[in-house]
Amino acid sequence: SQQGEEDPQALSIQEGENATMNCSYKTSINNLQWYRQNSGRGLVHLILIRSNEREKHSGRLRVTLDTSKKSSSLLITASRAADTASYFCATGNGGATNKLIFGTGTLLAVQP
Amino acid sequence: DAGVIQSPRHEVTEMGQEVTLRCKPISGHNSLFWYRQTMMRGLELLIYFNNNVPIDDSGMPEDRFSAKMPNASFSTLKIQPSEPRDSAVYFCASSPRDSGQETQYFGPGTRLLVL
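Protein chains in written order, with our numbering: chain A, 4 to 115; chain B, 9 to 123.
Below is the structure:
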């Protein structure tokens, strides 16, 4: 079953604008990760935030986590046409193998 | 590093035929995951292995699906007999869990079409 629900399902913006995607989940987690998938390709890991962290940055990416609301957001600043892809959140339970459960994804289109 | 390698990249078969998908994880990674992605159901975890041992196969749809990991550098996912509803993209991912990392590294996927 899906753990994460992403919002919006699709987002279209102009190059240079910021893009914000949200993820909500249902159960307690050890970590939350964001992945990107270009059309016809495998998923690529972007960033991981642990349950005891509130915010994390990596380049043009900013991730927040609110465990009280069971939600996370991914902000991409100064977007580029190359950022066009589907973005998935995935919740991890930690433990020996850190099973991930993926959300439904947000399709981001950045218009040049 | 070659990354996770999957073969074949595309497979077209007829209903009732056996299908075998193959995966070579990144060297040194001790966790391996098989996922299935469809438009209707999104990305589903089918099974995962830790140190070549199946840990959780609760996502395997039914007995027609089986997975093996005979050694640290090879895994197979077999569907026998295949059905049209098995058409999907199947991904393999590996993770260096022993080193404390939770990131999963995905292969390019196998696009399966069952006619």
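C-beta atoms are modelled at their ideal positions from N, C-alpha and C, and glycine is treated no differently. Model, not experiment: these values are computed from the prediction.
CB contact check: B/V46 to chain A, cutoff 8 Å: In the sequence on display, residue 46 of chain B carries Thr and not Val. Judged by the 8 Å Cβ criterion, B/T46 is not in contact with chain A.
CB of B/S74 within 8 Å of CB of B/C100, strictly: no
Same chain only: Cβ atoms within 6 Å of A/F91, ignoring 5 sequence neighbours per side: Y38, F105, G106 and G108
Rounded straight-line distance, which links the Cα of B/S95 to that of B/E19: Approximately 10 Å, taken between the alpha carbons.
Boundaries (first-last residue) of the beta strand (DSSP E) holding B/Q88: It is not in any beta strand (DSSP E) - B/Q88 carries neither H nor E in the DSSP assignment.
Contact belief for B/G117 with B/Q14 at Cβ below 8 Å, rounded distance in angstroms: 6 Å
Separation of B/R93 from B/L123, as counted between CA atoms: 9 Å
Simplified DSSP assignment, three categories, for B/R49: coil
Alpha-carbon spacing of A/A88 relative to A/L14, whole angstroms: 10 Å
Any chain B beta carbon closer than 8 Å to A/T107: yes
Assigned exposure category for A/G43 - 16 Cβ within 10 Å defines buried: exposed
Bounding residues of the beta strand (DSSP E) (the contiguous stretch that carries A/L14): A13 to Q17
Selection from B/L121, B/Q109, B/L120 and B/Y98 that minimises the alpha carbon distance to A/L46: B/Y98
Reduced DSSP secondary structure (H/G/I, E/B, other) of A/A85: helix
Any 3 or more C-beta pairs closer than 8 Å across the segment 71-78 of chain A and the segment 16-27 of chain A: Three or more beta-carbon pairs drawn from the segment 71-78 of chain A and the segment 16-27 of chain A are found closer than 8 Å, and the two stretches are therefore classed as touching.
Coarse secondary structure for A/L103, derived from DSSP in three states: strand
Residue from B/L53, B/R17 and B/I34 with nearest C-alpha to B/P80: It is worth fixing the name first, because residue 80 of chain B is Ala in this sequence and not Pro. Answer by Cα proximity: B/I34.
Among A/L35, A/R65 and A/V113, the one whose alpha carbon lies nearest that of A/E8: A/E8 has its Cα closest to that of A/L35, out of A/L35, A/R65 and A/V113.
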